[in-house]
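Novice: This is the structure I have questions about; it appears just below.
Protein chains in written order, with our numbering: chain A, 26 to 486; chain B, 384 to 780.
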């Protein structure tokens, strides 16, 4: 083993030790770090792609949580919407036994369990307002980092490949779209879209100073530009819908002009300062012919195929088995379908989550999967009627908007294992917890102090 | 502790729960692992996979090494028009009925898949069923970025899997060659037709150049001029005589007016006649081989010769192309670059026994743990009664 490898191992060991100690003392910091590492998930994979910084961080979190339960007397809280997910998990486990591809189904059951555990951990580890602030800070830093990467990437493409090539290839060519640290431009757009919505909700805080407001608006401006350069129409839709929902909030109405200015500024920046102007115009106009272009037709095709799999699959009530979509579509539309699906969508799922669930789990699977989200929306509605601290209230607003736009996005993208979706579900669980619940005498209070919980248990070993 | 929104547990609670429900946590994984072991060991027939990966082939790279005719000489390094097979086309060929039928017939897959028993009366029906079974046993993966096409064949027999994968390559190569040969034959016909036309044009132009050269060498203008000048001298002498006679008559007072008029008329006739001869001589003078006329003729000839050269070059090129196409129409080249040749699998692809048994027990453990936790949550929400908890849960949701 060379000295370099030894140093690398030593560095990794020290990093792991530091992360472990940090997890024992302040696990919420690792939850905040997990947002940053989500953006690095597509870089630096080891093994078969499972060993990523994000997954390692989650493992450390799980270990630290167990140690705290063992030695610190920490209690495990299961929020109601996450309890409702357990029946679907049982169903997924059972249905994987009759899935056409048992091994793949089995691995995805494990993966689903892990993202559920991640949400449970977020719901348990975020217990104070400053931890939410830290999470928002991590979101801002991550959004800035990923957005700057995306901007530099597009400018490099324009400089190296030439403006002519960019204009010729247009937005449909993956090579000219901003990817940031992601492997797919749509993944970048979706990620930045969710972070932008959380940051926008942060503007609803009454105690936010002008420095904070300016900083958030600056990050949003850079992020909006990056989302435009990703040419992800679903991300544009997500942000547009989110902004419409935010416009209903009295506290955010003064910012509507700012949002419009940021959007226009971002569009002007792309039109003037980058060679992507023509591509941007074409992409915007392509909304008019949605469903006619390649990706639109491909999504329709997958959705219709999914419905056909459900209608003549194994059973209409319990479907053809967990994660059997790839195998089933191969049998139904052999063989070009498999080719297209594998190499153009990169997934073994339909681009519409509900159709995938219907094909794989039948009506029972859809019902069991939808219930947790209905429960989460109910919890959100109830929490919104209660008083909360400034940060908790703004994050709650962000969760509500993100959950709604993510549910809309499930019609266009497969999102079952999306980290930010599960982070949102975890945050809802966290704010629904006793730490953020108002005390009897705090009705109507909005100060941070009013919402402070009793001291959370800390690790004693 | 349970509230309207959540269930709160300590580690002790959880351990107690799992201790109380230990049967639920042990039996499902044990049963799942046993059943999965029995199934993979005795029920599921092993499936063996063989695969082959190919790249498209540049035909010109192959044929450039062949000696071909060029301008009457055998030279190396003649470059064909690039005939490139593409993997998207290869894939279309592989999924075509023709290739599938070829694979089925060459390897007698009707017997292998046992489709004859299902269609005892119709050989064609049995073949079609075998083709369908073959389609189900085969997968294609095309990487658009790397241009690598992979064929995966999974059957119950490892040797047949490898033979089918190899047969796919052979049949696709043959189909590619047929396509290339048919196209080359069309090109041979076209070049032959065009060559005949050009040959005719070359012959016509050669004849035109010959005529021009012959005409430039002819002496006709000189002879015509000599004849003209032969007439001119006596006529000029006679006109001079008439003018002298007119002078004399002008000085002679006794001469009659009628005689002078007749003389004047005769002079006009001669003058007109001489003018005609002069113009004729002048015209013929232009045809004489003066330096200017020689240059024009040379230019005209050079132009004709250049046209002829062009046509001859075209003729040679067409000849080359026709020979190349003829060669292309008969050459049996490899149209695929094979990256991975199919090999006979030593181990079955499915079932993977250890992994299946392990995963079956893990999934059962996850499912039973989730179920136990859910039932416990219901009991806590219902203060000990799962039914009441269920009603409360529905009410909260």
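Yeah, the Cβ is synthetic: ideal placement off N, Cα and C, and Gly gets one too.
For residue 517 of chain B and residue 481 of chain B, I'd like the C-alpha separation in whole angstroms.
Specialist: If I take the Cα positions, the gap works out to 13 Å.
Novice: Taking 7 Å as the limit between beta carbons, can you name the residues of its chain near residue 244 of chain A, skipping five residues before and five after?
Specialist: Cβ within range, chain order: 165, 168, 169 and 224.
Novice: Roughly how many angstroms lie between the CA atoms of residue 574 of chain B and residue 704 of chain B, to the nearest whole one?
Specialist: So the two alpha carbons sit approximately 7 Å from each other.
Novice: Just the C-alpha distance for residue 708 of chain B and residue 338 of chain A, rounded to the nearest angstrom, thanks.
Specialist: If I take the Cα positions, the gap works out to 52 Å.
Novice: Whose C-alpha, out of A:376, A:103 and A:210, is nearest the C-alpha of residue 453 of chain A?
Specialist: Cα-wise, what sits closest to residue 453 of chain A is A:103.
Novice: With 7 Å as the limit, tell me which residues of the segment 99-121 of chain A have their beta carbon closer than that to any beta carbon of chain B; keep them in chain order.
Specialist: Answer set for the segment 99-121 of chain A: 100, 101, 102, 103, 104, 105, 108, 109, 111, 112, 114, 115, 118, 119 and 121.
Novice: Check residue 468 of chain A in the structure and name its three-state DSSP category.
Specialist: A caution first: residue 468 of chain A carries a pLDDT of 45, below 50, which makes its placement in the model unreliable, though a value can still be read off. Coil, per DSSP.
Novice: Nearest CA to the CA of residue 85 of chain A: which residue from A:143, A:405, A:333 and A:374?
Specialist: That would be A:143, whose Cα lies nearest to the Cα of residue 85 of chain A.
Novice: Evaluate residue 96 of chain A with the Cβ neighbour count: other Cβ atoms within 10 Å of its Cβ, from every protein chain shown; 16 or more gives buried, anything less gives exposed.
Specialist: Exposed is the call here.
Novice: Taking a contact to mean a Cβ-Cβ separation below 8 Å, would you say residue 404 of chain A touches residue 226 of chain A in this structure?
Specialist: The answer is no: Cβ separation not under 8 Å.
Novice: Which residues of chain B have a Cβ atom closer than 7 Å to the Cβ of residue 441 of chain A, listed in chain order?
Specialist: Chain B residues near residue 441 of chain A: none, gap ~16 Å exceeds 7 Å.
Novice: Can you give the Cα-Cα distance for residue 109 of chain A and residue 757 of chain B, rounded to whole angstroms?
Specialist: When rounded, the distance between both Cα atoms is 8 Å.
Novice: Just reading off the alpha helix (DSSP H) that residue 308 of chain A is part of, what are its end residues?
Specialist: Residues 302-310.
Novice: Would you kindly check if the distance between the Cβ of residue 217 of chain A and the Cβ of residue 248 of chain A is under 8 Å?
Specialist: For residue 248 of chain A and residue 217 of chain A, yes; Cβs fall inside 8 Å.
Novice: Beta-carbon of residue 514 of chain B versus every beta-carbon of chain A: anything under 8 Å?
Specialist: Residue 514 of chain B does not count as touching chain A.
Novice: Would you say residue 345 of chain A and residue 439 of chain A are within 8 Å of each other, going by their C-beta atoms?
Specialist: No, these two residues do not count as a Cβ contact at 8 Å.
Novice: Straight-line CA distance for residue 107 of chain A to residue 429 of chain B?
Specialist: The straight-line gap from Cα to Cα measures roughly 40 Å.
Novice: Under a CB-based cut-off of 8 Å, is residue 480 of chain B close to chain A?
Specialist: Taking Cβ atoms only, chain A never reaches closer than 8 Å to residue 480 of chain B, which makes this a no.
Novice: Grouping DSSP H, G and I as helix and E and B as strand, with all else coil, what is residue 340 of chain A?
Specialist: Looking at residue 340 of chain A - three-state DSSP - the assignment turns out to be coil, as it is neither helix nor strand.
Novice: Leaving aside the five residues before and after residue 761 of chain B along the sequence, list all residues of the same chain whose C-beta is less than 6 Å from its C-beta, in chain order.
Specialist: If we look at residue 761 of chain B and ignore the five residues flanking it on each side, its Cβ neighbours are 769, 772 and 773.
Novice: Count Cβ pairs between the segment 505-522 of chain B and the segment 554-567 of chain B that sit closer than 8 Å; are there 3 or more?
Specialist: Flag = no, the segment 505-522 of chain B and the segment 554-567 of chain B do not touch.
Novice: Excluding the 5 residues preceding and the 5 following residue 400 of chain A in the sequence, name in chain order all residues of the same chain whose CB lies nearer than 6 Å to its CB.
Specialist: Hits under 6 Å: 105, 106 and 109.
Novice: Of the residues that make up the segment 750-763 of chain B, which ones have a beta carbon closer than 7 Å to any beta carbon in chain A?
Specialist: Per Cβ criterion, the list reads 750, 753, 754, 756, 757 and 760.
Novice: Tell me the residue span of the beta strand (DSSP E) that contains residue 522 of chain B.
Specialist: Counting along the chain, the beta strand (DSSP E) containing residue 522 of chain B begins and ends at 521-526.
Novice: What would DSSP say about residue 101 of chain A, mapped onto helix, strand or coil?
Specialist: In the structure shown, residue 101 of chain A sits in a strand (DSSP, three-state: E or B).
Novice: For a contact defined as C-beta to C-beta under 9 Å, what are the partners of residue 737 of chain B on chain A?
Specialist: Those do not exist, as residue 737 of chain B stays about 11 Å from chain A at its closest Cβ, beyond 9 Å.
Novice: What are the residues in the segment 134-165 of chain A lying within 8 Å of chain B by C-beta distance?
Specialist: Result list: 134, 135 and 138.
Novice: Tell me which same chain residues have a C-beta within less than 8 Å of the C-beta of residue 141 of chain A, skipping the five on either side of it?
Specialist: Around residue 141 of chain A: 107, 110, 114 and 447.
Novice: With burial defined as no fewer than 16 other Cβ atoms inside 10 Å of the residue's Cβ, what is the status of residue 410 of chain B: buried or exposed?
Specialist: Residue 410 of chain B comes out exposed.
Novice: Beta-carbon separation of residue 150 of chain A and residue 60 of chain A under 8 Å?
Specialist: No; because the gap between Cβ atoms is not below 8 Å, this pair is not in contact.
Novice: Let me check one thing: in DSSP terms, what residues is residue 391 of chain B bridge-paired to?
Specialist: Paired residues: A:102.
Novice: Rounded to whole angstroms, what's the CA-CA distance from residue 46 of chain A to residue 329 of chain A? Just pull it up for me.
Specialist: So the alpha carbons of these two residues sit roughly 51 Å apart.
Novice: Just to confirm my understanding: we take residue 744 of chain B, look at its own chain, exclude 5 residues before and 5 after, and list those with CB closer than 6 Å. What are they?
Specialist: Cβ neighbours of residue 744 of chain B beyond the five flanking positions: 412, 415 and 416.
Novice: Sorted by chain position, which residues of the same chain lie with C-beta nearer than 8 Å to residue 41 of chain A's C-beta, five sequence neighbours on each side aside?
Specialist: Hits under 8 Å: 81 and 85.
Novice: Please classify residue 713 of chain B as buried or exposed, where buried requires at least 16 neighbouring CB atoms within 10 angstroms.
Specialist: Looking at its Cβ environment, which holds fewer than 16 other Cβ atoms inside 10 Å, residue 713 of chain B is exposed.
Novice: Considering only the beta carbon of each residue, do residue 62 of chain A and residue 78 of chain A sit closer than 8 Å?
Specialist: Against a cut-off of 8 Å, the Cβ pair of residue 78 of chain A and residue 62 of chain A comes out as a contact.
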